[in-house]
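Colleague:
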Amino acid sequence: MEKNYAISLSTLKLNARILRELGLIRFGNSSPAKLTRTGKLIVQLLNLLSSTLPKNEMKKGSCKLNVVE
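In this note's numbering, the protein residues as written are 5 to 73.
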């Protein structure tokens, strides 16, 4: 992800820590990050919102989020 989106590793770590503190993701030393139930709900709400907005209201850089279970 760091190379694909030109985001520094420190920024990725900071954002992961913030998402964990908010209870949206969980991860451990050797386990990959996973969405919590609350995180999945937030993603579903964002997807619903993005699908109801007119195309001209979508801002540059926005994207549809998908959860793989």
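Note that beta-carbon positions come from the ideal geometry of N, C-alpha and C, so glycine has one too.
So, is G43 buried or exposed, given that buried needs 16 or more other C-beta atoms within 10 angstroms?
Modeller: Buried: at least 16 other Cβ atoms inside 10 Å.
Colleague: Comparing C-alpha positions only, which one of L26, I11, K17 and A10 sits nearest to P36?
Modeller: Closest option to P36, Cα to Cα, is K17.
Colleague: Using the beta-carbon count (16 or more within 10 Å), is I29 buried or exposed?
Modeller: So I29 ends up on the buried side.
Colleague: Nearest-angstrom Cα distance between T15 and I22?
Modeller: Approximately 11 Å, taken between the alpha carbons.
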